[in-house]
Amino acid sequence: MDVKARMDELYALVAYHADRYYNGDDPEISDFEYDALTRELRKLEAENPLFARADSLATKRVGGTARREFRKVAHDVPVISLQDVFSKEEVIAFVERVLQQFPDAEFSVEKKIDGLTLVLRYHNGKLTEAITRGDGAIGESVYENALVIPSIPHEIPEKLPYLEVRGECFMSTESFEAANRKQELSGGKIYQNRRNSAAGTLRQLDPGVVKERGLDIFIFNLEIAEGKAFSTHLETLQWLSSQGFHVLEEPVLARTVDEVWAAIEHIGKIRWSLNYALDGAVVKVNSLAQRQVLGMTSKVPHWAVAYKYPPEQKETVIEDITVQVGRTGRMTPLAILRPVRLAETTVARATLHNQDYIDEKDIRIGDTVLVQKAGDIIPEVLNVVKEKRPEGAAVYRMPVFCPVCGAPAVREADGAHLHCSGDACPAKDSRSMAYFISKDAMNMEGFGPAAAEALISEGYIKKIPDLYRLKDHRERLIEEGIVGKEKSVDNILAAVEKSKENDIDRLITGLGIRNVGKQTAKVLASRYPDMQAVMDAPAEELMQLPDFGEVVANDITEYFAKAENRSMIEELGELGVNLRSKAAESRKDGRFAGKTFVLTGTLPTMTRDEASALIESYGGKCSGSVSKKTSYVLAGEAAGSKLTKAQELGVPVISEEDLLEMIK
Numbered sequence: 000m001d002v003k004a005r006m007d008e009l010y011a012l013v014a015y016h017a018d019r020y021y022n023g024d025d026p027e028i029s030d031f032e033y034d035a036l037t038r039e040l041r042k043l044e045a046e047n048p049l050f051a052r053a054d055s056l057a058t059k060r061v062g063g064t065a066r067r068e069f070r071k072v073a074h075d076v077p078v079i080s081l082q083d084v085f086s087k088e089e090v091i092a093f094v095e096r097v098l099q100q101f102p103d104a105e106f107s108v109e110k111k112i113d114g115l116t117l118v119l120r121y122h123n124g125k126l127t128e129a130i131t132r133g134d135g136a137i138g139e140s141v142y143e144n145a146l147v148i149p150s151i152p153h154e155i156p157e158k159l160p161y162l163e164v165r166g167e168c169f170m171s172t173e174s175f176e177a178a179n180r181k182q183e184l185s186g187g188k189i190y191q192n193r194r195n196s197a198a199g200t201l202r203q204l205d206p207g208v209v210k211e212r213g214l215d216i217f218i219f220n221l222e223i224a225e226g227k228a229f230s231t232h233l234e235t236l237q238w239l240s241s242q243g244f245h246v247l248e249e250p251v252l253a254r255t256v257d258e259v260w261a262a263i264e265h266i267g268k269i270r271w272s273l274n275y276a277l278d279g280a281v282v283k284v285n286s287l288a289q290r291q292v293l294g295m296t297s298k299v300p301h302w303a304v305a306y307k308y309p310p311e312q313k314e315t316v317i318e319d320i321t322v323q324v325g326r327t328g329r330m331t332p333l334a335i336l337r338p339v340r341l342a343e344t345t346v347a348r349a350t351l352h353n354q355d356y357i358d359e360k361d362i363r364i365g366d367t368v369l370v371q372k373a374g375d376i377i378p379e380v381l382n383v384v385k386e387k388r389p390e391g392a393a394v395y396r397m398p399v400f401c402p403v404c405g406a407p408a409v410r411e412a413d414g415a416h417l418h419c420s421g422d423a424c425p426a427k428d429s430r431s432m433a434y435f436i437s438k439d440a441m442n443m444e445g446f447g448p449a450a451a452e453a454l455i456s457e458g459y460i461k462k463i464p465d466l467y468r469l470k471d472h473r474e475r476l477i478e479e480g481i482v483g484k485e486k487s488v489d490n491i492l493a494a495v496e497k498s499k500e501n502d503i504d505r506l507i508t509g510l511g512i513r514n515v516g517k518q519t520a521k522v523l524a525s526r527y528p529d530m531q532a533v534m535d536a537p538a539e540e541l542m543q544l545p546d547f548g549e550v551v552a553n554d555i556t557e558y559f560a561k562a563e564n565r566s567m568i569e570e571l572g573e574l575g576v577n578l579r580s581k582a583a584e585s586r587k588d589g590r591f592a593g594k595t596f597v598l599t600g601t602l603p604t605m606t607r608d609e610a611s612a613l614i615e616s617y618g619g620k621c622s623g624s625v626s627k628k629t630s631y632v633l634a635g636e637a638a639g640s641k642l643t644k645a646q647e648l649g650v651p652v653i654s655e656e657d658l659l660e661m662i663k
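This is how it looks when you write it as structure tokens:
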């Protein structure tokens with residue numbers, strides 16, 4: 000291929016995949032594949048400088064951009080990347096180059112967290128700003144989201160005039176698995192790796208979502224500390240730790256090539272046992288004075304490199320392909336693998352997504368395949384080892400009927416996935432039941448998906464109202480022990496009984512109506528006096544509600560047009576489940592009807608939840624972001640970017656005192 004044509008192709012590929020990674024948090028290829036593209040492009044740029052572009056992502060720029068929903072903030076210190084290296088030889092070359100200039104140099108070898116870079120600013124000891132990397136020169140303010148991350152201190156003991164630190168925001172294994180369990184219950188998209196989950200979470204417009212998903216941060220660099228001097232990187236980390244920052248354990252201090260490589264190998268051995276994801280090891284010159292002399296380019300420093308570990312890949316055999324039916328009826332093919340040890344866990348199955356994916360990779364039962372964990376988390380089939388294919392291996396085709404209930408399988412609107420058309424599919428019932436009892440819906444604490452599935456399989460639950468008849472089987476449940484002993488049974492029964500008192504927004508959420516989530520359910524509960532009124536509401540009327548469109552309105556009316564769904568609601572009422580809207584009953588008047596409020600900062604006497612409830616009781620709506628449609632911004636102490644945006648857009652800003660005066 001012509002060199003210039005290949006470079007043009009690589010520029011397009013790198014730009015596309017960088018956008019998916021940095022701005023969309025939804026990469027299509029692995030880090031390893033992306034790094035291979037940028038390495039090839041860098042090599043061609045060096046060999047053909049006349050064809051090199053000034054704005055090359057491979058050598059000139061960091062890959063992200065500032066999202067338009069957030070306020071843009073210029074970085075005081077450019078947030079540049081590290082030079083990636085992929086072999087022992089490259090590590091040796093870096094260390095020897097530094098030692099040639101500074102024979103007494105020391106190197107800090109530390110873990111490279113796979114997360115999202117975040118810069119924190121403190122004025123006189125108080126947190127005043129949190130900024131993402133963006134394009135390295137300009138990032139986006141996520142200050143409100145940073146306030147709900149427990150490991151970010153709001154105030155530090157030593158009140159320096161100005162302090163700026165840089166860290167990596169990440170999602171722990173537990174938080175990641177919890178987020179995916181919730182996605183599975185709600186029928187949402189399963190997150191593929193922790194880095195993109197953390198990035199997507201940090202860029203949420205609602206801080207409540209950020210708090211719920213349990214983000215964490217490790218601070219790894221001190222950028223600016225006015226009024227304080229340090230001589231080494233290690234000293235800065237020790238001081239940051241003393242100020243309450245969450246820093247990694249003390250890095251290895253190495254003085255020779257062998258010591259540096261031994262530290263890298265050690266991190267590689269323990270990486271799978273950690274509670275967070277790593278995508279490499281970082282080697283930095285420890286002396287801050289030596290760093291100044293070594294300097295940097297516009298893209299990378301000369302005093303540090305990041306060693307990238309290759310993804311672990313192994314061969315195994317697809318022993319079978321089964322089909323799993325989700326809560327919404329989506330039919331997903333699963334490869335049943337001959338168990339193989341991968342990234343410190345035993346992998347026995349992997350999703351094959353849909354028929355198109357199977358056809359593209361030509362996957363058949365009995366094939367030997369190469370597998371790895373996407374983002375070191377999700378098992379995936381990379382390709383088929385065709386030379387090891389057994390004779391007679393047949394092309395796989397998804398079933399035309401649901402494997403659970405036998406109903407016809409139909410194509411979803413996007414044309415890629417099959418969907419069970421059965422209204423009474425046990426697989427859908429099991430997952431729907433798990434969603435109904437979940438925290439976001441009826442909040443039956445202590446009653447998990449496994450218990451629901453066991454009760455369904457044993458015939459105790461066939462439909463939602465059966466949950467409220469479980470108390471009639473208490474003795475038998477204790478005797479059989481399918482959900483535990485007496486205490487476990489009583490805890491479940493108590494949670495079920497308590498859920499009867501919920502407001503109807505939780506009930507509406509739990510029904511699992513397509514495109515109806517918590518916020519939509521709250522709007523319905525505040526607008527209508529009871530479930531009967533919700534069920535009878537025509538689509539034309541629903542479309543007049545805040546943020547309701549034709550699709551949502553039709554989904555609601557279609558759900559309640561089915562006699563079995565209306566009958567179920569009536570049955571729940573007979574069993575004692577509350578069907579009246581407490582939100583509508585507690586509404587004082589409609590003085591805030593049609594008004595949208597955005598809350599920011601700390602209020603003097605109320606929490607944000609209390610202020611939101613007060614506003615909603617007078618017919619108002621609370622939103623997480625400021626726009627031209629915002630009626631008022633209710634601002635308290637330490638109000639951040641939302642206040643700034645309100646001032647830029649000319650949105651009225653009120654205090655708690657103003658709000659109370661408006662109510663009087």
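Note that numbering that gives the first Met the number 0 has the sequence shown beginning at 0, numbered continuously upward. Virtual Cβ for every residue (Gly too), placed ideally from N, Cα, C.
In chain order, what residues of the same chain have a beta carbon less than 7 Å from the beta carbon of Ile614, not counting five sequence neighbours either side? Phe591, Phe596, Cys621, listed in sequence order.
To the nearest angstrom, how far is the alpha carbon of Asp465 from that of Asn442? 17 Å
Quick one: give me the first and last residue of the beta strand (DSSP E) that Lys283 is part of. 277-284
Rounded to the nearest angstrom, what separates Val576 and Glu314 at their Cα positions? 53 Å
Close-in-space but distant-in-sequence residues of the same chain around Leu598 (CB under 7 Å, 5 per side omitted): Excluding sequence neighbours, Leu598 sits near Arg607, Ala610, Ser611, Cys621, Leu633.
State the DSSP-derived secondary structure class of Leu117, mapped to helix, strand or coil. Leu117: strand per DSSP, three-state reduction.
When DSSP labels each residue in this structure, what does His16 get in the three-state scheme? helix
Which listed residue (Ile335, Val281, Glu390, Gly365) has its alpha carbon closest to that of Glu379: Minimum Cα-Cα distance from Glu379 among the listed residues Ile335, Val281, Glu390, Gly365 corresponds to Ile335.
Would you say Val90 and Val84 are within 9 Å of each other, going by their C-beta atoms? yes
Three-way DSSP call (helix, strand, coil) for Leu469 in this model: Residue state, collapsed to three classes: helix.
Cβ shell of Ala451 (< 8 Å), same chain only, five flanking positions each side left out: Counting only Cβ-Cβ distances below 8 Å, and skipping sequence neighbours, we find Ser429, Met432, Ala433, Ile436, Ile460.
Alpha-carbon spacing of Tyr161 relative to Lys521, whole angstroms: 43 Å
Who are the Cβ neighbours of Met6 in its own chain at under 6 Å, not counting the five residues just before and after it? Residues of the same chain with a CB within less than 6 Å of the CB of Met6, apart from the 5 flanking positions on each side, are Leu43, Phe50 in chain order.
Take every Cβ of the stretch 302-314, pair it with every Cβ of the stretch 275-294, and state whether three or more of those distances are shorter than 8 Å. Under the three-pair Cβ rule at 8 Å, the stretch 302-314 counts as touching the stretch 275-294.
Nearest candidate by alpha-carbon position, reference Glu457, set Glu500, Lys497, Ile481, Glu173: Among Glu500, Lys497, Ile481, Glu173, the Cα nearest to that of Glu457 belongs to Ile481.
Where does Gln99 land, buried or exposed, given buried means 16+ other C-beta within 10 angstroms? exposed
Could you check if Asp215 is buried or exposed, using at least 16 other CB atoms within 10 Å of its CB as the buried criterion? By the 10 Å Cβ count, Asp215 comes out buried.
Cβ-Cβ distance between Glu656 and Pro603 below 9 Å: In this structure, Glu656 lies near Pro603, with their beta-carbon atoms less than 9 Å apart.
Straight-line CA distance for Ile320 to Ala449? 24 Å
Where in the stretch 586-638 do unbroken runs of the alpha helix (DSSP H), each at least 4 residues long, occur, reported from the N-terminal end onward? 607-616
According to DSSP, is Glu258 part of a helix, a strand, or is it coil? When secondary structure is reduced to three states using DSSP, Glu258 falls in the helix class.
Any chance you could list the beta strand (DSSP E) runs of at least 3 consecutive residues sitting entirely within the stretch 100-168, in chain order? 106-112, 115-122, 125-131, 137-139
Okay, do the stretch 498-506 and the stretch 539-549 touch, 3+ Cβ pairs below 8 Å being the bar? no
Taking the CB atoms as reference points, tell me whether Asn564 and Leu510 lie closer together than 9 Å. yes
To the nearest angstrom, how far is the alpha carbon of Phe229 from that of Arg38? 36 Å
Of the choices Ser654, Lys627, His74, whose alpha-carbon is the least far from that of Lys644? In terms of CA proximity to Lys644, Lys627 leads the group Ser654, Lys627, His74.
Would you please state the rounded distance, in angstroms, between the beta carbons of Lys87 and Trp260? I believe it to be under 8 Å. 6 Å
Element boundaries [alpha helix (DSSP H), containing Phe559]: 549-560
Can you tell me where the beta strand (DSSP E) holding Met397 begins and where it ends? Note, Met397: premise wrong, no beta strand (DSSP E); not H, not E.
Sufficient close CB pairs (3 or more, under 8 Å) joining the stretch 493-503 to the stretch 569-584: yes
Between Glu157 and Gln242, how many whole angstroms is the CB-CB distance? I'm expecting something under 8 Å. The C-beta distance from Glu157 to Gln242 rounds to 6 Å, short enough to fall under 8 Å.
For the structure I just gave you, are there three or more beta carbon pairs, one from the stretch 141-149 and one from the stretch 198-212, closer than 8 Å? yes
Shortest alpha-carbon distance to Ala73 belongs to which of Asp1, Ala129, Lys387? Ala129
One question on the structure: do Leu146 and Pro206 come within less than 9 Å of each other, judged by their Cβ atoms? Result yes, Cβ atoms of Leu146 and Pro206 sit closer than 9 Å.
By how many angstroms is the C-alpha of Leu221 removed from the C-alpha of Lys227? 11 Å
Pull up the distance between the alpha-carbon of Phe400 and that of Thr629, whole angstroms please. 49 Å
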